[in-house]
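In what follows, a structure is listed as structure tokens, so that the remarks can point back to it.
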Amino acid sequence: MTNKEFADILLPNVKHDWNYYEALYPKRNLEKGAMVTRFAPSPTGFVHMGSLYTSFAALHLAKQTNGICYLRIEDTDGKRTIENGIEGIINDFKNLNISFDEGCGFGGEYGPYIQSERKDIYQAYAKKLIEEDLAYPCFCSSEELNDIRNYQEHKKLRIGYYKKYAKCRDLSKEEAINKVKNGESFIIRFRSQGNFENKIILHDAIKGDIEMPENDIDDVIIKSDGLPTYHFAHVVDDHLMHTTHVTRGDEWISSYPKHHELFKLLNFEEPIYAHIAPITIKEDNTIRKLSKRKDKEAAISYYHKLGIPTEVINLYLATIENYDFEEWYTNNPTLTIDDFKFEFSKMPIGGTLFDMEKLLSIAKIYFSRMKNTKLYERLINYTKEYDEEFYNILINNKDYALNILNIERDIPRPRKDIASLSDVKKEFWYMFNDLFEKNTDSYEEVKACEEDIVINYINNIYDVNANEEEWFNKVKEFACNNGYTSDKKEYKENPDKYIGMVATFCALLRVIICKKNMSPNIYYLLKYLGKEEIIKRINKFYRSI
Ligand code: GLU
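Residues in the sequence shown are numbered from 9 upward in steps of one, following our numbering.
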């Protein structure tokens, strides 16, 4: 019996042989240096911080080299696949405005991009290996495999199906065919040519050179359900889809020797690997990977509820991804993330602790650079979903809201007080009369003068049309004529002669208006609130003390 006949019996009904697929998926016509990358999730849950982080590197590097980044769904492990998992991933990405150049849900010439739809392709390559005597059927039951494992554990030997422990490796074709005819179930293993004593080197684009022992394990390539293992599917797919750079979690490093050998046995060119260290979190005293099941911060919906846009998450991920991104972003207010050149060599080698403070500080920069009109639009969308009361106020007072949102915005050093859309209400509630009315906070401490003085200022001196400088000169003059001083030294020497400094008067105005000692420039608050409302608030304040 020839090897080809043997392969046909083991894997019947395979429509095409491997040459067919080589011709079907020709080399991509891309410019020199263009990277072909991919994001290859298993449909085990929603898109989360960790998956975004990994896909982010792949997307960026393809984009900046005019390459291709595609989405491939790795669903060969049916047990882990969740219902609607594939649609979920595609929708999550689409909702995040993330688009792949090709792949599942995005079209393309190198599909199908769902592994369970590629069974025929994997089997064609498994047959190639069987024909070349580089793969064979294994009939070992799980009990037999357990026995081998227990024996190895007991004897403190290396665990695995290798050398003399690879019981089916030396079965003759006839013996194997008899077993098949008897209806015994089997899997296909590749016949390792490796020697554990030899060393191989993984030239990782992020982590540098990593020396490892050569693989000598006859690992499974086709499971009993006819589907491939991750290892085999990875090698076949990344070959046929012409991936140049494999970006994946660093938990796969230990599998590299297998992948390296499979590329060699199949005579495929090996892509460059870039193993990405995870985002981590501290729990009690240990550091572990950020988990989509355990950590609320892993879910993108968590940020959306807070009103933190995807762009901010991307900026944060970029900050982790390349150590010099943050400085670049701070120094280049007019550029976008797409203008930054990402490099594997600037990625962290070990895990990065998730840092919410950092994310919020990036959000503040991001929002500070946003035009008031865009912020208003975002705010409308956000409050429509999460805050009906504020939504109605914003809709009914659009021009006024635009003015408020523009306070100390469009200037060279804008205020950085908003980290999320939900912060806008927290920062500016007092500028909306209805919200001020309802607010039950007590006034922060401030030194008050007679009520008449403040009323007098608002009625006679305060001028909405004055510019900031004129306004301040008038406040100063008024305060100095009414028991305050602008002379620090004089005040220090004779504190009892004065109510306070001019700043004390401004602080009083501020607390009257917003109950707090901190706010944007009081000039703008007075300007937009208008006399009538300010007088109401003065009365309210004096009734409260
Ligand atoms: N499907 C694998 C996972 O979910 C991806 C590994 C890869 O990108 O090759 O971890």
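Glycine included, every Cβ here is placed at the ideal spot set by N, Cα and C.
Remember, it's a predicted structure, so these values are computed and weren't measured experimentally.
Within 10 angstroms of its Cβ, does residue i collect 16 or more other Cβ (buried), or is it exposed?
i	result
residue 201	exposed
residue 435	buried
residue 226	buried
residue 107	exposed
residue 387	buried
residue 540	exposed
residue 40	exposed
residue 68	buried
residue 552	exposed
residue 509	buried
residue 527	buried
residue 4	Outside the modelled stretch of the chain, which goes from 9 to 553, sits residue 4, for which no answer is possible.
residue 110	buried
residue 46	buried
residue 511	exposed
Based on Cα-Cα distance, which residue from the options lies nearest to residue i?
i	options	result
residue 75	163, 98, 42, 253	42
residue 9	453, 186, 206, 198	186
residue 116	32, 26, 206	32
residue 66	240, 127, 350	350
residue 258	218, 205, 507, 243	218
residue 237	214, 223, 198	198
residue 329	394, 161, 64, 461	64
residue 29	40, 295, 543, 246	246
residue 479	146, 144, 444, 533	533
residue 537	512, 438, 294, 547	438
residue 156	143, 145, 176, 493	176
residue 546	467, 477, 337, 496	467
residue 346	71, 160, 96	71
residue 344	320, 359, 356, 364	320
residue 441	405, 410, 476, 348	405
Could you pull out every residue in the same chain whose Cβ sits closer than 7 Å to the Cβ of residue i, ignoring the five residues on either side in sequence?
i	result
residue 90	51, 52, 53
residue 17	185, 188
residue 276	243, 247
residue 181	9, 14
What residues in its chain sit with their C-beta under 6 Å from that of residue i, if we drop five residues either side in the sequence?
i	result
residue 168	225
residue 530	514, 517, 518
residue 375	426
residue 48	80, 82
residue 454	515, 516, 519
Report, in whole angstroms, the separation of the C-beta atoms of residue i and residue j, which I expect to be a contact under 8 Å.
i	j	result
residue 362	residue 287	5 Å
residue 251	residue 55	Not a contact, Cβ separation roughly 21 Å.
residue 300	residue 306	5 Å
residue 249	residue 133	Contact flag wrong, Cβ pair sits at about 14 Å.
residue 523	residue 451	5 Å
residue 372	residue 427	5 Å
residue 310	residue 304	5 Å
residue 471	residue 482	7 Å
residue 195	residue 231	6 Å
residue 298	residue 57	6 Å
residue 265	residue 317	So it is not a contact: roughly 42 Å between Cβ atoms.
residue 60	residue 127	Actually they do not touch by this definition, with Cβ atoms about 30 Å apart.
Using a Cβ-Cβ cutoff of less than 8 Å, which residues in the same chain neighbour residue i once the five nearest sequence positions on both sides are dropped?
i	result
residue 491	457, 461, 506, 507
residue 279	246, 251, 252, 253, 254
residue 171	224
residue 521	438, 527, 530, 533, 534, 537, 542, 545
residue 332	354
Three or more C-beta pairs below 8 Å linking the segment 401 to 418 and the segment 373 to 383: Touching, yes, given that three or more Cβ pairs across the two stretches are closer than 8 Å.
Taking 8 Å as the threshold, find out whether the segment 205 to 212 comes into contact with the segment 279 to 297 through three or more Cβ pairs. Yes, they touch.
Using 8 Å as the cut-off, can you tell me whether the segment 130 to 148 makes contact with the segment 18 to 38, which would need three or more C-beta pairs spanning the two stretches below that distance? In this structure the segment 130 to 148 lies against the segment 18 to 38, because at least three pairs of beta carbons, one per stretch, are closer than 8 Å.
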